[in-house]
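Participant:
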RNA sequence: GCCGACGUAGCUCAGCAGGUAGAGCAGCUGAUUCGUAAUCAGCAGGCCAGCGGUUCGAAUCCGCUCGUCGGCUCCA
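Numbering (our numbering), first residue to last: 387 to 1024.
#1: Could you check which residue in 783, 697 and 981 has the C-alpha nearest to that of residue 930?
#2: Taking buried to mean at least 16 other C-beta atoms within 10 Å of its own C-beta, is residue 857 buried or exposed?
#3: With distances taken from CA atoms, which of 897, 813 and 572 is nearest residue 870?
#4: So, is residue 706 buried or exposed, given that buried needs 16 or more other C-beta atoms within 10 angstroms?
#5: Give, in chain order, every unbroken run of the alpha helix (DSSP H) that is at least 4 residues long and sits entirely within the segment 588–614.
#6: At what residues does the alpha helix (DSSP H) containing residue 791 begin and finish?
#7: Can you check whether the CB of residue 561 is closer than 9 Å to the CB of residue 481?
#8: Assuming the contact rule is C-beta atoms closer than 8 Å, residue 1027 and residue 915 should be a hit. Round their C-beta distance to whole Å, please.
#9: Please report the straight-line C-alpha distance between residue 748 and residue 487, rounded to a whole angstrom.
#10: Pick from 455, 864 and 791: whose alpha carbon is nearest that of residue 798?
#11: Quick one: using the 10 Å Cβ neighbour count with 16 as the cut-off for buried, is residue 594 buried or exposed?
#12: The alpha helix (DSSP H) spanning residue 562 covers which residue range?
#13: Using the three-state DSSP reduction, which class does residue 814 fall into: helix, strand or coil?
#14: In terms of alpha-carbon separation, which member of 462, 996, 508 and 957 lies closest to residue 471?
#15: For the alpha helix (DSSP H) containing residue 1016, name the first residue and the last one.
#16: Is the separation between the beta-carbon of residue 568 and that of residue 512 shorter than 9 Å?
#17: Suppose contacts are defined by Cβ-Cβ distances below 9 Å. Is residue 762 in contact with residue 780 by that definition?
#18: I'd like to know whether the C-beta atoms of residue 899 and residue 750 end up nearer to each other than 9 Å.
#19: So, at 8 Å on beta carbons, what are the nonlocal neighbours of residue 946 in its own chain, with the 5 sequence-adjacent residues on each side left out?
#20: Using 9 Å as the threshold, is the C-beta distance between residue 479 and residue 542 below it?
#21: Whole angstroms is fine: what's the gap from residue 618's alpha carbon to residue 612's?
#22: How would you write the range of the alpha helix (DSSP H) that residue 906 sits in, first residue to last?
#23: Given a threshold of 16 other Cβ atoms within 10 Å of its Cβ, counted over all protein chains shown, does residue 736 qualify as buried or as exposed?
#24: Out of curiosity, what's the CA-to-CA distance linking residue 525 and residue 716?
#25: So for residue 839, helix, strand or coil by DSSP?
#26: DSSP three-state call for residue 924: helix, strand or coil?
#27: Across the segment 876–886 and the segment 581–598, are there enough close Cβ pairs to call them in contact, namely three or more that are closer than 8 Å?
#28: Going by beta-carbon coordinates alone, are residue 837 and residue 802 separated by less than 9 Å?
#29: Pick out whichever of 497, 495, 494 and 463 has its Cα sitting closest to the Cα of residue 483.
#30: With distances taken Cα to Cα, identify the nearest neighbour of residue 904 among 883, 884 and 849.
#31: On a CA-only basis, which of 993, 766, 800 and 417 is nearest residue 823? Give me that one, please.
#32: Bridge partners for residue 884 per DSSP, in chain order?
#33: Run through DSSP, which three-state label would residue 1006 get?
#34: According to the Cβ coordinates, are residue 490 and residue 521 closer than 9 Å?
#35: Could you give the C-beta distance for residue 634 and residue 919, rounded to a whole number, given that I count them as a contact under 8 Å?
Below, the structure is given as structure tokens:
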């Protein structure tokens, strides 16, 4: 007699050792059809597994959060089977589940996406046949024998410590796998192959290059469709596309990975920085600027020459080596070190919007997201050990304020001491404690990444979440125990003795270029008024009114608004259409009515039009919205 | 850097069994003077990324270079 405890606490009795499927069937047929696996005493296993003793069982249905991963893993097997059917000489390696699907790395001749339809067709056949997926345990020796011609599988097996190993079989296809898997291939209903790329065996460039084929899968077609729709939406928002369409920035072969900002892009850029400066002034920061090119001996002292030279642009001038800065910190150290500091001066919060250059690999460049030249909204804070908590807290609050202005949510992660690190235990203890207690005091949940800190200190990262729910690591607060040492920084303490200051680097936008790109995608080009490159578009209804419209434009410009007048001899319809496509938040049409009454008619991007707003009222409301940097356009709602 | 795809007018793209480049939009000119998402007509615009090769002939085929995009972190 076997007793199975279900999640609701009820107990089912079985005369014979049941499988998960038997448990499901004992509840209902429908449930059994919908089950993909079970959790047996806290472990995810196949539904077909026989339960040997009394146990707690939770059935995993297609609606359970774990189900998708299990099914996607099975989908990877279905894809592998299809590939083997079509390319019998291919050698399989690994095929894990990833965030939005799965992939399989296969040693085979390079394939392109053209092969997808063939592979997908074969997969469909396998899915349609609802081939049972069966688990089989074999000894290590048996497994080695089975895979004698499969070098990758052999390598994996020999690395396994378990004495016996599990195989999964579906029809003529067998794969080494830990499982669990869905009961049969019919569960892989809605799938699509997404892309293919090269990847190295064990991610090591000296190993063979494999074909990595990516796919995604869902339990029903509707979910797959909505995922594809999401991708489409993201594609439409692509900042490279929008940046071109709205004339914000461009890239040129003459300077790969380095953005050129156009007048309209600069309008946004300057707003971002004006805002940044205001917030930092209010938070007690001063601003500095250090050269972008400095002599080799500085970089030797900071350690960059030894550890970061690969990524640095280096030049020789008058027979001396110079490097273009990849980071702002060494310059900041020189500024701190140029005079004596008293404990009374601390904390010193020195901001620097510094232009840095890093020679990233050509293949990783990606619009504004990954560039070789970018500005960091850096700041270095120098302080005494007992100021750590307050200072970190101050940064976290600033982070919250600034992201909030853009309507961006965020989450925090704390990374602690890695294996390879400098500094004493005590220093790490004080530093990590400081970050932790600041986080506690701040009160927001955070994720702990043990051992993920930099070798020179622990850090807190801020990940923002954009309008599509995608996350981006932007802000970071890093404690640095190396640089104050290397530059022999000090302050005179209360006891009249020299002490080493604690130093943090922190950024909030991170890379301004990248943050810019994120904002473009976050807002899909429809910037809030304060950021919009053209805030007001003026459309005279006919050519005769154009000069008067120009006067109106001047009045608005004097009031500090960025305006653009469309005085072409085009139809009003066309001007409206283009203004909408250019995402101008306030579109004013100017005709005889407006001329006579001294009012404006305002069209907003949602297509709503309000007539008869007196020009002074318009200016006042718009200025207020801009001044408060509002996200919403709640103008003229009276 | 590596693998794959790609590079044609300012933009979006067609042309690619090798026969000497085309559309729409934007621009310019003219007509139209318009009340909230494309008025009409005409004109102009390209060393087909660059270099080399194959060929009687190359945007088209081949090689190299440059650049762009998707990957190269997810460990049975």
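The beta carbon of each residue, even a glycine, is placed where N, CA and C say it ideally should be.
All values reported here derive from a predicted model rather than from experimental measurement.
Facilitator: Taking the definition as stated:
#1: 981
#2: exposed
#3: 813
#4: exposed
#5: none
#6: 774–791
#7: yes
#8: The structure shown does not extend to residue 1027, since the chain is modelled only from 387 to 1024, so the question has no answer here.
#9: 27 Å
#10: 864
#11: exposed
#12: No alpha helix (DSSP H) contains residue 562, which is instead part of the beta strand (DSSP E) from 559–562.
#13: helix
#14: 508
#15: From DSSP, residue 1016 is part of no alpha helix (DSSP H); its letter is neither H nor E.
#16: no
#17: no
#18: no
#19: 1009 and 1012
#20: yes
#21: 10 Å
#22: 898–908
#23: buried
#24: 58 Å
#25: coil
#26: strand
#27: no
#28: yes
#29: 463
#30: 849
#31: 800
#32: 878
#33: helix
#34: no
#35: 7 Å
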